[in-house]
Amino acid sequence: MNFHLKVWRQENGQSGGQFRDYEARDIPAEASFLEMLDIVNEGLVLRGEEPVAFDHDCREGICGMCSLTINGIPHGKGRGTTCQLYMRKFSDGDTIYIEPFRVGAFPVVKDLVVNRTAFDRIISAGGFISERCGAAQDANDTPIGKTVADYAMDAAACIGCGACAAACPNGSAMLFVAGKVGHLGLLPQGKPEAGRRVRGMVAKMDDEGFGNCSNFYECEAVCPAGVPAAFIAKMNRDYAMASVSNAVEATA
Amino acid sequence: MSKPILDAKIPPGPLAHKWTSYKATSKLVNPANKRRYEIIVVGSGLAGGSAAAVFGEQGYNVKCFCYQDSPRRAHSIAAQGGINAAKNYQNDGDSVARLFHDTIKGGDFRSREANVYRLAEVSNSIIDQCVAQGVPFAREYGGMLANRSFGGAQVSRTFYARGQTGQQLLLGVYSELSRQIAAGTVKMHPRTEMLDLVIVDGHAKGIVVRDMVTGEIASHAADAVVLATGGYGNAFYLSTNAAGCNVTATYRAYRRGALFANPCYTQIHPTCIPVSGSYQSKLTLMSESLRNDGRVWVPKKKEDCGKNPADIPEEARDYYLERKYPSYGNLAPRDISSRSAKEVCDEGRGVGPGGLGVYMDFSDAINRLGEATIRERYGNLFEMYENITGENAYKTPMRIFPAVHYTMGGLWVDYGLMSNVPGLFVIGEANFSDHGANRLGASALMQGLADGYFVLPYTIGNYLAPLRGTRPDVGRPEFKQTEAEVRDRIQRLLSVKGDRTVDSFHREIGLLLWDACGMARTKEGLEKAIKRFDEIREEFWKNVRVAGDNEELNQSLEKAGRVADFIDFGQLMCRDALNRNESCGGHFRSEYQTPEGEAQRNDDDYFYVAAWQHTGDGNVPEMIKEPLHYETVQLATRSYK
Chain H
9 MNFHLKVWRQ ENGQSGGQFR DYEARDIPAE ASFLEMLDIV NEGLVLRGEE
59 PVAFDHDCRE GICGMCSLTI NGIPHGKGRG TTCQLYMRKF SDGDTIYIEP
109 FRVGAFPVVK DLVVNRTAFD RIISAGGFIS ERCGAAQDAN DTPIGKTVAD
159 YAMDAAACIG CGACAAACPN GSAMLFVAGK VGHLGLLPQG KPEAGRRVRG
209 MVAKMDDEGF GNCSNFYECE AVCPAGVPAA FIAKMNRDYA MASVSNAVEA
259 TA
Chain R
51 MSKPILDAKI PPGPLAHKWT SYKATSKLVN PANKRRYEII VVGSGLAGGS
101 AAAVFGEQGY NVKCFCYQDS PRRAHSIAAQ GGINAAKNYQ NDGDSVARLF
151 HDTIKGGDFR SREANVYRLA EVSNSIIDQC VAQGVPFARE YGGMLANRSF
201 GGAQVSRTFY ARGQTGQQLL LGVYSELSRQ IAAGTVKMHP RTEMLDLVIV
251 DGHAKGIVVR DMVTGEIASH AADAVVLATG GYGNAFYLST NAAGCNVTAT
301 YRAYRRGALF ANPCYTQIHP TCIPVSGSYQ SKLTLMSESL RNDGRVWVPK
351 KKEDCGKNPA DIPEEARDYY LERKYPSYGN LAPRDISSRS AKEVCDEGRG
401 VGPGGLGVYM DFSDAINRLG EATIRERYGN LFEMYENITG ENAYKTPMRI
451 FPAVHYTMGG LWVDYGLMSN VPGLFVIGEA NFSDHGANRL GASALMQGLA
501 DGYFVLPYTI GNYLAPLRGT RPDVGRPEFK QTEAEVRDRI QRLLSVKGDR
551 TVDSFHREIG LLLWDACGMA RTKEGLEKAI KRFDEIREEF WKNVRVAGDN
601 EELNQSLEKA GRVADFIDFG QLMCRDALNR NESCGGHFRS EYQTPEGEAQ
651 RNDDDYFYVA AWQHTGDGNV PEMIKEPLHY ETVQLATRSY K
């Protein structure tokens, strides 16, 4: 198959960027999108041109490193990560626009590579259960109903890729934050610090410059892990409760 | 160079008491003194991430490095199936002793007895720890933890979180690590690659790293260096590893004097999606847990191979694993299942493109349990399979084929997980100690977390306690010298400006290793490959083309350094495979097999760990033996029939 590529090239975080045209020729239909870029890059290297930088690692849809916006959609059409997008989903001769995730809080590092450490800082602001290694009770001492465990797992499935924020017209990270708040807050072992957690993570999210949620649900539509947007509603509820109880505790 | 003496420092006493007595007599670092120590941890997966988090929690200052943009992306994340523990929640006869025995036997009696026993012993604490930090393991309706069975075991001892167990365990580790980062005890360095180890007065005291965004080369000093940098499966180019996985950290440590043990022990995983073309960059694993419900078969007759599987009647199918290994059936260990798949394909009975595939059929399980149950157990795997192949495995059998997955070999470590270089600790897949010649399913996650959460935090005190702030400064000549060597190597890579891409070299050595040092190895093939590696190395340094400069994000340069190390390391793998004139676990030498085609071990001559010492670039390395001693286990021919 052959494709016309329009690829975002940007030298570094300080420079400007622009789309550049490349031809991808003789691409097997069974190749993945990233393998198509590998083939194009090999050609560029041999011609003495700078290959296109893009993030990728596991290439099986779980590490969350790949981060391309393809024809305007984070990770491209269909559910899944960029690495799980296969060229047979395109038509021969298609023109394909390839850009980095566009979020104010994810500055471009080079070409298609962005800096997503804002997500790590949000997790550091409360996305954990404070528990000392070695202090745990037997794993079966606290029964957790299957429904609750399964629902927590739905939220925990987040791969931290940032497509939610890239798809959101507000550049909001609400689905990412709500996933972690939901996962830990649903489980009995995560309840003691649930209030602290949601307050800390939301404050950090705002601090990092992510926008607010105005219920577009674009995040849910592009999420490769299928984290339901219902967790955002749950987080809003948790946040309201936590803010109130914090205010009461502070004056008590 | 003097020949090191390999003392594994296994504590005295009966097997079951060794770890308890070791802990009771270990040196402790006073809590107030811990903050005076710095520990470097390279790698942020299950082993490295957990070790860094616990060191931070204990009060040490930790610097943790990873090449990814976030510690949450380490390749432990891709483990699908599960993690073993001897909880015996199923009341099916499991115990620490049985998990220990299964693991020793699974490793074909080539692992160290005392290490494996300790692994089985701490397995239960791992599950407790993970649940406490919020890992959402699968549960039964009553709220208790669910289990499933895995290859090489006759009990259900595997804990799992859908098909994403590695991800959930890693996110647990990452949350602990994030808590320590917030507390200021751990300083995280993402997008930073270790390019060399710094030795000061014979001790590992730091590393030289490259900032992958700016290209800056910098030194970091510490009281101890921990390598948790995973396996070297990407030496084969095509493997189930992430694209960035590499041998550079451990290979560079080997060049600085650390011994590399059993590099030929590699695991070929039986259930991967078959190769479809030369452009392919990776092989995707389908979790072994599928073998609980999938039946593996090929047509009995070659003529049927091209047919639609639905048109092949039951009596014309050969369920070869069930036929050959009736008691374990489709759950035979990985090495045995992989080799059996290779055999039927060699006989011309393989299916799919190139005849390199076998069927894994879920129709019986779907008829028995219903599609909904199968979807609940493996839904994401079936989805992944359909996405990659365009086939619906609920309707037609999956096609699978073995692929390189895990490497049991690694840097040599003693019982305390310290290498022969004092101050250099090696944990997780990067060391060699617990899996022998073959790793059982759901044991890698167990080992990574055991090392990081429950073993190294105890053992490292024995090294650190007597030091008391003797950490060298990065201004010392040893650091400057190592930095200069790193810069020089980068410059050499950039200045070749030849005609071949880095990937083309990587593909070439991958094929070479797959043929000579893959599922079946021969003396002749290995000798040829060892020679070939010399030629490839020469061509690489004359003709590789690396794009761009050092002072930028340069993925071509990153890959070039890694592939250069894979070329040197691949040759070492072949030397080790050539030395071991026996078949055991994942190492199958065609010359050494039983009349039934099973692996023929030679305990008289090869009941030892082969640890290789670097003797200078271009020289033949020296092999040093650590003889194995078993106190309780009887050496036996592994039988899964």
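Quick mapping for you: the protein sequence lines, in order, are chains H and R.
Add 8 to a position in the first sequence, counting from 1, and you land on the number used in the working numbering.
Add 50 to a position in the second sequence, counting from 1, and you land on the number used in the working numbering.
All C-beta atoms in this analysis are idealised placements derived from N, C-alpha and C, irrespective of residue type, glycine included.
Range of the contiguous beta strand (DSSP E) that encloses residue i
{"i": "Gly95(R)", "result": "Unbroken run through Gly95(R): none, as it is neither H nor E."}
{"i": "Phe286(R)", "result": "Careful: Phe286(R) lies outside any beta strand (DSSP E) and carries neither H nor E."}
{"i": "Ile318(R)", "result": "Thr316 to Cys322"}
{"i": "Ile580(R)", "result": "Run containing Ile580(R): none in the beta strand (DSSP E); it sits in the alpha helix (DSSP H), Lys573 to Asn593."}
{"i": "Thr77(H)", "result": "Leu76 to Ile78"}
{"i": "Tyr409(R)", "result": "Val408 to Asp411"}
Contacts of residue i in chain H (Cβ-Cβ under 9 angstroms)
{"i": "Ile154(R)", "result": "Ordered by position in chain H, no residue passes the 9 angstroms Cβ test against Ile154(R), which lies about 25 angstroms from the chain."}
{"i": "Gly193(R)", "result": "Asn148, Thr150, Pro151, Ile152, Gly153, Lys154, Val156 and Ala157"}
{"i": "Pro324(R)", "result": "Here the premise fails: no neighbours, minimum Cβ distance about 11 angstroms."}
{"i": "Tyr210(R)", "result": "Simply none; closest approach about 11 angstroms."}
Opening and closing residue of the alpha helix (DSSP H) in which residue i lies
{"i": "Gln531(R)", "result": "Pro527 to Val546"}
{"i": "Phe41(H)", "result": "Phe41 to Leu54"}
{"i": "Arg389(R)", "result": "Arg384 to Asp396"}
{"i": "Tyr72(R)", "result": "Lys68 to Thr75"}
{"i": "Thr439(R)", "result": "Glu421 to Thr439"}
{"i": "Thr125(H)", "result": "Thr125 to Ser132"}
{"i": "Trp564(R)", "result": "Val552 to Cys567"}
{"i": "Val210(H)", "result": "Ala202 to Asp215"}
Beta-carbon proximity check, residue i vs residue j, cutoff 8 angstroms
{"i": "Leu227(R)", "j": "Ser94(R)", "result": "yes"}
{"i": "Ala292(R)", "j": "Val275(R)", "result": "no"}
{"i": "Thr153(R)", "j": "Leu467(R)", "result": "no"}
{"i": "Gly208(H)", "j": "Gly134(H)", "result": "yes"}
{"i": "Cys91(H)", "j": "Ser40(H)", "result": "yes"}
{"i": "Asp149(H)", "j": "Ala202(H)", "result": "no"}
{"i": "Ile693(R)", "j": "Leu56(R)", "result": "The question about residue 693(R) has no answer here: the residues shown for chain R are numbered 51 through 691."}
{"i": "Phe657(R)", "j": "Leu628(R)", "result": "no"}
{"i": "Cys231(H)", "j": "Cys172(H)", "result": "yes"}
{"i": "Ser251(H)", "j": "Cys169(H)", "result": "no"}
{"i": "Gly575(R)", "j": "Tyr456(R)", "result": "no"}
{"i": "Trp69(R)", "j": "Arg148(R)", "result": "no"}
{"i": "Leu13(H)", "j": "Ala32(H)", "result": "yes"}
{"i": "Gly498(R)", "j": "Ala128(R)", "result": "no"}
Short CB-CB distance (under 8 angstroms) between residue i and chain R
{"i": "Met161(H)", "result": "yes"}
{"i": "Val121(H)", "result": "yes"}
{"i": "Ala165(H)", "result": "yes"}
{"i": "Cys172(H)", "result": "no"}
{"i": "Asn20(H)", "result": "yes"}
{"i": "Gly198(H)", "result": "yes"}
{"i": "Leu2(H)", "result": "Residue 2(H) lies beyond the stretch modelled for chain H, which goes from 9 to 260, so this question has no answer here."}
{"i": "Met249(H)", "result": "no"}
Assigned exposure category for residue i - 16 Cβ within 10 Å defines buried
{"i": "His191(H)", "result": "buried"}
{"i": "Pro507(R)", "result": "buried"}
{"i": "Lys383(R)", "result": "Correcting the residue type first, residue 383(R) is Pro in the shown sequence and not Lys. Classification for Pro383(R): buried."}
{"i": "Glu672(R)", "result": "exposed"}
{"i": "Ser225(R)", "result": "buried"}
{"i": "Ala181(H)", "result": "buried"}
8 angstroms Cβ cutoff, residue i in contact with chain H
{"i": "Ala293(R)", "result": "yes"}
{"i": "Gly265(R)", "result": "no"}
{"i": "Glu441(R)", "result": "no"}
{"i": "His239(R)", "result": "no"}
{"i": "Val659(R)", "result": "no"}
{"i": "Val104(R)", "result": "yes"}
{"i": "Tyr456(R)", "result": "no"}
Residues that residue i contacts on chain R, provided the C-beta gap is smaller than 8 angstroms
{"i": "Gln92(H)", "result": "Met434, Asn437 and Ile438"}
{"i": "Thr125(H)", "result": "Asp119, Ser120 and Pro240"}
Contact set between residue i and chain R, taken where Cβ atoms lie within less than 7 angstroms
{"i": "Arg204(H)", "result": "Ordered by position in chain R, no residue passes the 7 angstroms Cβ test against Arg204(H), which lies about 12 angstroms from the chain."}
{"i": "Glu38(H)", "result": "Ser326 and Gly327"}
Contact test: residue i Cβ vs the ligand MG heavy atom, cutoff 7 angstroms
{"i": "Met9(H)", "result": "The ligand content of the structure shown is nil, which means the ligand MG is not present either."}
Contacts of residue i in chain B (Cβ-Cβ under 7 angstroms)
{"i": "Thr551(R)", "result": "The structure shown contains no chain B; its protein chains are H and R."}
Contact set between residue i and chain H, taken where Cβ atoms lie within less than 8 angstroms
{"i": "Tyr139(R)", "result": "Asn148"}
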